[in-house]
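At position 191 of the sequence shown the residue is numbered 194 (this note's numbering), and the sequence of numbers has no breaks.
Structure, as structure tokens:
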Amino acid sequence: MPPKIACLWNRDAEMRRRVKFFAMAVALVVVAAVDFATSDSMLLPAAYAQDQTAGQKTRKTPAMRESVYKKLSEAQEASEAGRESEALAILEDLKRDKNLNSYELAQLYSFYGFVHFNRERYNDSIEAYETVLRQSDLPEAMELSTIYTLAQLYFTVERYDEAAKKLEQWFRLTTNPGSEPYVLLGQAYYSLDRYEDAIPPIEKAIELARANGKETKENWWLLLRVCYYELENYPKVVEILEELLKYEQKKEYWTQLSAMYSEIGDDRKQMLAYEMAYIQGFLDREQELLTLAQLYMQSGVPWRGSQVLEKGFASDIIEKNASNYRLLAQSYQMAQEDEKSIAPLTQAAALSGDGELSVRLAQAYVNLGRWEEAAEAAREGIRKGGLNRTDSANVLLGMSLFNLKRYGPARSAFAEAQKDSRSSAMASQWIAYIGKEEERESELQRALQ
């Protein structure tokens, strides 16, 4: 089974951090836009609602008095100069006016909301904007912008349920929304662990952007990816990662794509995706190189695995320990390069506390017909102990000694192997064969005398 590759994104903390940061950044822009974009209207003594966007319903709202207009202008000037305390004092003074009409109150509390936002007093800002919505005869445009701003503020203070409800309310009232509100709604649902609900608005945002000839944003795909991942819809995660790679060749996208191919059982593409990360120089950690080597070996290209490991050793990325040398030797053996496997096996055996790797070294020497070294390695493995199959080590020792024509020691080694039922039959055959060989050589010797 191919090695599992851990996905590099933290499905919870990291994505939530990104989502909150995004919401705060957007809120900063939108809150400013809501209040100061409407400030042109606010600074006109005439009724705000008389100049609505074409096609939008109008509401009859009271006019703003000149005295209120001047006070709000002063507060705006102080706020723009960074004198927030002065701006608040002006607003407090204006609030004492018991004759403020609903529209004037709406503008007053809208300005309160913005000033509190600039002071990072988000809960006070929320309270102010909620007060705006409680005013009667609120201009529709102002109502919509305030609802949207509140959604973002609720997001900023991690009150995701209220954020989602405000956005749902906003969508019921607005016409022709763009992509960003849909993404924000998807983020709110994601933050509530409502992954299935989050997917449709994000996909709608992507659909709208494409329909309008605009580029989709990488962050949208990232959010969509993690939602599908949480739902264990790995084929969709694969599609999204392939889309993300069109934006930028990133290490995390290639390694995650490799992991997802593993999840859907496509071992070949798992290896190819991880290989692409390596070719582009993204794999620079020991475990990453070891994983790639294993993928190569399991995909039937062990020689490539051996070269990855050799480079990793040479660059000191891969630690020179018994386990890693063993993997290198194994890759050479799978590539039928027994001669090249000797050096790493020798180093692995020297670093190992048990005799298992010495026995593997003995096997490599046997494959090469280097009987003296094979016998020495087999003895070393038996001496170290800790073997899974001591009987197999004795068989290797017996075979090596037999080929060195040391029949007595060979018979002794096979006799030890014979004690284990798993090697008993083979060892018995070898012992019998040794007897015949000794007899044959004796007859030959007598014939030559």
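Note that the Cβ used here is the ideal one computed from N, Cα and C, for glycine as well.
Hey, out of the options, whose CA is closest to residue i's CA?
i: isoleucine 209; options: Glu221, Glu199, Asp200; result: Glu221
i: leucine 63; options: Leu275, Arg86, Ser105; result: In the sequence under discussion, the amino acid at residue 63 is lysine, which differs from the leucine named in the question. With distances taken between Cα atoms, lysine 63 lies closest to Ser105.
i: tyrosine 335; options: Ala353, Ala296, Phe158, Lys323; result: Ala296
i: valine 369; options: Pro347, Thr393, Gly401, Ala338; result: Gly401
i: lysine 439; options: Ala450, Phe405, Glu342, Ala416; result: Phe405
i: arginine 122; options: Arg99, Phe158, Ser82, Lys101; result: Ser82
i: asparagine 102; options: Ser70, Phe120, Gly85, Tyr125; result: Ser70
i: glutamine 273; options: Leu298, Phe285, Leu292; result: Leu298
i: proline 184; options: Arg162, Glu161, Leu153; result: Leu153
i: alanine 191; options: Pro238, Tyr157, Glu442; result: Tyr157
i: phenylalanine 291; options: Ala90, Pro65, Leu390, Glu322; result: For the sequence presented, residue 291 should be read as glutamate rather than phenylalanine. Considering only alpha carbons, the answer is Glu322.
i: aspartate 140; options: Leu75, Ala109, Ser427, Tyr264; result: Ala109
i: isoleucine 150; options: Tyr277, Ile129, Lys74; result: Ile129
i: lysine 73; options: Leu248, Ala90, Asn324, Glu235; result: Ala90
Residue i by DSSP, collapsed to three states: which one?
i: lysine 73; result: helix
i: asparagine 324; result: coil
i: serine 105; result: helix
i: alanine 84; result: coil
i: alanine 154; result: helix
i: glycine 356; result: coil
i: serine 454; result: Past the boundaries of the shown model lies residue 454; the chain is included only from 4 to 452, so the question cannot be answered.
i: glutamine 366; result: helix
i: glutamine 448; result: helix
i: tyrosine 198; result: helix
i: alanine 338; result: coil
i: lysine 168; result: helix
i: arginine 213; result: helix
i: threonine 219; result: coil
i: arginine 288; result: coil
i: serine 128; result: helix
Would you mind reading off the limits of the alpha helix (DSSP H) that contains residue i?
i: arginine 386; result: 374 to 387
i: alanine 66; result: Careful: alanine 66 lies outside any alpha helix (DSSP H) and carries neither H nor E.
i: phenylalanine 316; result: 305 to 317
i: lysine 272; result: 270 to 282
i: valine 186; result: 182 to 194
i: glycine 401; result: 393 to 406
i: glutamine 529; result: Given a span of 4 to 452 for the chain in the structure shown, any question on residue 529 remains unanswerable.
i: lysine 239; result: 237 to 247
Under the assumption that residue i contacts residue j (Cβ atoms under 8 Å), give the Cβ distance between them as a whole number of angstroms.
i: isoleucine 434; j: alanine 418; result: 7 Å
i: threonine 159; j: tyrosine 125; result: 5 Å
i: alanine 450; j: leucine 407; result: That belief does not hold up - the Cβ atoms of alanine 450 and leucine 407 are roughly 23 Å apart, past 8 Å.
i: tyrosine 264; j: alanine 276; result: 6 Å
Any heavy atom of the ligand ATP closer than 6 Å to the Cβ of residue i?
i: leucine 292; result: No copy of the ligand ATP occurs in the structure displayed, which carries no ligand at all.
Q: Would you be able to state if there are at least three C-beta pairs under 8 Å between the region 357 to 368 and the region 380 to 391?
A: In this structure the region 380 to 391 lies against the region 357 to 368, because at least three pairs of beta carbons, one per stretch, are closer than 8 Å.
Q. Are three or more beta carbon pairs between the region 105 to 122 and the region 132 to 147 nearer than 8 Å?
A. At 8 Å Cβ cutoff, the stretches touch.
**Q.** Cβ contact (3+ pairs, closer than 8 Å) linking the region 162 to 174 and the region 135 to 144
**A.** No: the two stretches stay apart, fewer than three of their Cβ pairs being nearer than 8 Å.
(Q) Assess contact between the region 335 to 351 and the region 304 to 313, defined as three or more Cβ pairs (one per stretch) separated by less than 8 Å. Is contact present? (A) Yes: at least three Cβ pairs fall under 8 Å.
Q.
Across the region 169 to 179 and the region 194 to 201, are there enough close Cβ pairs to call them in contact, namely three or more that are closer than 8 Å?
A. Three or more Cβ pairs closer than 8 Å define a contact, and the region 169 to 179 falls short of that threshold against the region 194 to 201.
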